[in-house]
Amino acid sequence: MEPAIQLSFQSGGKKPRRRDSFNRGGRGEAKRPALLLAAVGGAETERDATAAAVSSGSSGALGAPGPAMAAPCLEDPSLERHFKGHRDAVTCVDFSLNTKQLASGSMDSCLMVWHMKPQSRAYRFAGHKDTVTCVNFSPSGHLLASGSRDKTVRIWVPNVKGESTVFRAHTATVRSVHFCSDGQSFVTASDDKTVKVWSTHRQKFLFSLSQHINWVRCAKFSPDGRLIVSASDDKTVKVWDKTSRECVHSYCEHGSFVTYVDFHPSGTCIAAAGMDNTVKVWDVRTHRLLQHYQLHSAAVNALSFHPSGNYLVTASSDSTLKILDLMEGRLLYTLHGHQGPATTVAFSRTGEYFASGGSDEQ
38 MEPAIQLSFQ SGGKKPRRRD SFNRGGRGEA KRPALLLAAV GGAETERDAT
88 AAAVSSGSSG ALGAPGPAMA APCLEDPSLE RHFKGHRDAV TCVDFSLNTK
138 QLASGSMDSC LMVWHMKPQS RAYRFAGHKD TVTCVNFSPS GHLLASGSRD
188 KTVRIWVPNV KGESTVFRAH TATVRSVHFC SDGQSFVTAS DDKTVKVWST
238 HRQKFLFSLS QHINWVRCAK FSPDGRLIVS ASDDKTVKVW DKTSRECVHS
288 YCEHGSFVTY VDFHPSGTCI AAAGMDNTVK VWDVRTHRLL QHYQLHSAAV
338 NALSFHPSGN YLVTASSDST LKILDLMEGR LLYTLHGHQG PATTVAFSRT
388 GEYFASGGSD EQ
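Dropping the structure here:
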């Protein structure tokens with residue numbers, strides 16, 4: 038399916054047909070998108086679900102931030118495309134390793150795989166019986182995992198056939214799924230209060246991590262695969278040792294449900310988002326709180342590190358995305374692209390793009 042809406046924007050000072058506000062540092066400097074805007078969502082419904090691919094124009098070497106490393110220059114973000122195809126709110130997005138494909142999941146129970154080449158047709162995968170809550174490409178890009186309110190995980194081959202293997206994963210909604218960096222295993226989190234680790238190719242359950250006392254919203258492997266971090270409605274973030282299967286530390290600083298968590302590309306830090314409108318960054322070696330951001334006016338639903346480790350993008354129910362400079366500890370951009378809650382956001386593996394999804398009222 039090709040994008041159903043295409044609005045062109047021209048550079049060189051010409052007035053665009055539609056203006057989307059991109060405010061730098063919250064100071065009200067409007068930035069005009071200068072590239073193609075095309076969209077994703079339910080075309081014939083009052084609810085229009087969108088997933089927007091955005092160019093961050095980044096440059097510079099990838100690596101962990103450090104005192105001697107200059108942050109790569111992040112140019113003004115510009116809307117590249119909107120993809121249209123889901124019939125309800127977009128809940129999750131993820132890029133393949135080579136950035137040739139973008140996967141999205143929705144409350145319409147479907148998974149879509151979009152090709153970054155504008156004229157290529159998208160794949161629509163139907164198999165889940167309820168909302169698709171999470172998607173993640175394997176490191177090779179040859180597999181795509183999805184989780185759902187139907188309590189299952191499916192591992193798809195992201196091609197035109199759309200074949201999948203079903204894992205009867207949990208006894209309640211599956212909230213997140215994430216492949217280990219070697220692709221041999223994946224981790225899931227669920228409303229049944231557990232985190233589970235699975236073998237990808239043997240298609241079997243390996244073990245559970247079960248110290249949370251409320252729904253587990255998110256679980257991720259560290260870049261080296263040795264640790265797992267999980268975020269829960271019990272207001273804690275827990276770090277687990279994959280080998281010993283023990284919780285090595287629990288962070289309790291959030292004042293409400295913790296909605297999302299991820300590792301910094303260096304593996305030395307984690308960032309967590311909460312219903313208390315905050316983002317917190319901790320050092321997993323010293324367990325010290327490094328940074329605390331309270332920039333959104335509503336719950337922060339998702340976040341994603343730039344592969345350089347120098348920037349963080351957040352998505353919130355206040356309808357905005359925010360890009361943070363972690364090296365300087367400050368807000369760089371506030372993006373007003375969504376008309377309803379921004380539910381998900383993800384940088385591409387190269388850092389050249391990021392994609393966001395939501396349930397926009399139009």
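Per the working numbering: the sequence shown = residues 38 to 399.
Glycine residues also receive a C-beta, built at the ideal position from the N, C-alpha and C atoms.
For H291, does the count of other Cβ atoms within 10 angstroms reach 16, so buried, or fall short, so exposed?
Counting Cβ neighbours within 10 Å, H291 comes out buried, since at least 16 surround it.
Quick one: is V285 buried, meaning 16 or more other Cβ sit within 10 Å of its Cβ, or exposed?
Classification for V285: exposed.
Host beta strand (DSSP E) of W151 (start-end):
First-last of the beta strand (DSSP E) with W151: 147–152.
How big is the Cα-Cα spacing for L372 and H119?
Each residue's alpha carbon lies about 15 Å from the other.
How is the beta strand (DSSP E) around H119 delimited, first residue to last?
First-last of the beta strand (DSSP E) with H119: 115–120.
Does N347 pass the burial test, meaning 16 or more other C-beta atoms within 10 Å, or should it be called exposed?
For N347, the number of other beta carbons within 10 angstroms of its own is at least 16, and it is reported as buried.
Other residues of its chain near P260: CB distance less than 8 Å, five sequence neighbours each side excluded:
Within the same chain, and ignoring the five residues on either side of P260 in sequence, the residues whose Cβ sits closer than 8 Å to its Cβ are S218, F300, P302, S303, G304.
Span of the beta strand (DSSP E) around K257
Membership of K257 in the beta strand (DSSP E) is indicated by the continuous run 253–258.
Distance between V337 and F258 (C-alpha atoms, nearest Å)
Each residue's Cα considered, the two are about 21 Å apart.
Pick helix, strand or coil for L340, following the three-state DSSP scheme.
For L340, the secondary structure class from DSSP, reduced to helix, strand or coil, is strand.
According to DSSP, what are the bridge partners of C306?
Paired residue(s): D320.
Ignoring anything shorter than 3 residues, give me the beta strand (DSSP E) runs that lie fully in the stretch 262–317, in order along the chain.
With a minimum length of 3 residues, the continuous beta strand (DSSP E) runs that stay inside the stretch 262–317 are 264–269, 274–278, 283–288, 295–300, 306–311.
Tell me whether the beta-carbon of A126 lies closer than 8 Å to the beta-carbon of V172.
If you check the CB distance, A126 and V172 do not come in under 8 Å.
Given a cut-off of 8 Å, decide if S269 and V234 are closer than it, judged by their beta-carbon atoms.
Not closer than 8 Å, so no.
Cβ shell of R249 (< 6 Å), same chain only, five flanking positions each side left out:
Strictly speaking, residue 249 in this sequence is His, with Arg absent from that position. Closer than 6 Å at the Cβ level, and outside the excluded window around H249, lie K230, S269, D271.
Based on Cα-Cα distance, which residue from R325, A256, S334 lies nearest to S247?
Minimum Cα distance to S247 is reached at A256.
Might you give, ordered along the chain, the residues of its own chain that have their beta carbon closer than 6 Å to the beta carbon of L181, omitting 5 neighbours on each side?
Once the five neighbours on either side are set aside, the close Cβ partners of L181 are A140, F174, W193, P195.
Please report how far the alpha carbon of G164 lies from the alpha carbon of S146, in whole angstroms.
In a straight line, the C-alpha of G164 is about 8 Å away from that of S146.
By alpha-carbon positions, which one of M364, Q331, Y370 ends up nearest to V350?
Nearest to V350 by C-alpha distance, out of M364, Q331, Y370, is Y370.
Between R205 and K241, what straight-line distance do the alpha-carbon atoms span, to the nearest angstrom?
As the crow flies, the alpha-carbon of R205 is around 10 Å from that of K241.
Between the CA atoms of G374 and S143 - distance to the nearest angstrom
Taking the straight line joining both Cα atoms gives about 19 Å.
Can you list, in chain order, the residues of its chain with a C-beta nearer than 6 Å to that of C306? Leave out the 5 residues immediately preceding and following it.
Answer for C306: V318, D320, listed in chain order.
Which residues in the same chain have their Cβ closer than 7 Å to the Cβ of N314, if we skip the five residues on either side of it in sequence?
Its chain contains Q331, H333, S334, A335, A336, V337 as the residues whose beta carbon lies nearer than 7 Å to that of N314, once the 5 sequence neighbours on both sides are disregarded; these appear in chain order.
How should S293 be labelled, buried or exposed, when 16 other C-beta atoms within 10 angstroms of its C-beta is the threshold for buried?
So S293 ends up on the exposed side.
From T280, T208, T323, residue whose alpha carbon lies closest to that of L264:
Looking from the CA of L264, the closest CA among T280, T208, T323 belongs to T280.
6 Å CB neighbourhood of K275 in its chain, flanking five on each side removed
Excluding five sequence positions before and after K275, the CB atoms of its chain that fall closer than 6 Å to its own CB belong to S267, C284, S287, given in chain order.
In chain order, what residues of the same chain have a beta carbon less than 7 Å from the beta carbon of L243, not counting five sequence neighbours either side?
So the list reads S222, V234, W235, S236, once near-sequence residues are dropped.
Same chain, Cβ closer than 8 Å to L134, five either side skipped, listed in chain order
Same-chain partners within the cutoff: F174, P176, S177, G178, R386.
Rounded to a whole number of angstroms, what is the C-alpha to C-alpha distance between R124 and N251?
Note on geometry: alpha-carbon atoms of R124 and N251 lie some 31 Å from one another.
Can you check DSSP and say which residues form a bridge with A352?
Bridge partners of A352: A339, L358.
Could you check whether F342 and F391 sit closer than 8 Å to each other, using their CB atoms as the reference points?
For F391 and F342, no; Cβs fall outside 8 Å.
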